[in-house]
Amino acid sequence: MSANKGWCLPPEGEDGVSAKFLRKTRESPLVPIGLGGCLVVAAYRIYRLKARGPTKMSVHLIHTRVAAQAFAVGAIMLGAVYTMYKDYIKRTAQDAGEK
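Letter 24 of the sequence shown, counting from 1, is numbered 79 in my numbering, and no numbers are missing.
In structure tokens:
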């Protein structure tokens with residue numbers, strides 16, 4: 056039985072994981088920002104777990120989840136607003152300038 060030594064390499068013509076990640080980041084830069092912010096907020100709130108005072112654990116975790124989701128949704132909304140600006144306002148201004 057022969058061992059396939061190229062099992063971890065992508066097939067010819069396909070991007071690797073890092074190349075695909077960089078391409079997706081260039082297409083929509085706010086997705087990794089939203090993901091990173093979500094992780095930072097969650098890590099900070101978990102770090103502050105000891106200083107929560109008399110608050111119940113479940114309430115603290117719910118607040119942590121809501122804060123992390125708010126950051127991610129905010130990044131998505133900024134991306135949508137930027138895309139709308141780029142597609143409609145900027146394109147309309149360029150079309151008016153050409154005429």
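Heads up, the beta-carbon is just placed ideally off N, CA and C, and yes, glycines get one too.
Check whether residue i and residue j have beta carbons under 8 Å apart
i	j	result
residue 101	residue 80	no
residue 122	residue 86	no
residue 73	residue 134	no
Limits of the alpha helix (DSSP H) - the one that residue i falls within
i	result
residue 143	Element bounds for residue 143: n/a, residue is neither H nor E.
residue 84	It is not in any alpha helix (DSSP H) - residue 84 carries neither H nor E in the DSSP assignment.
residue 119	112 to 139
* Kindly confirm or deny that the region 74 to 91 and the region 126 to 133 touch, where touching means at least three C-beta pairs closer than 8 Å. => With a cut-off of 8 Å, the region 126 to 133 and the region 74 to 91 count as touching, because enough Cβ pairs lie within range.
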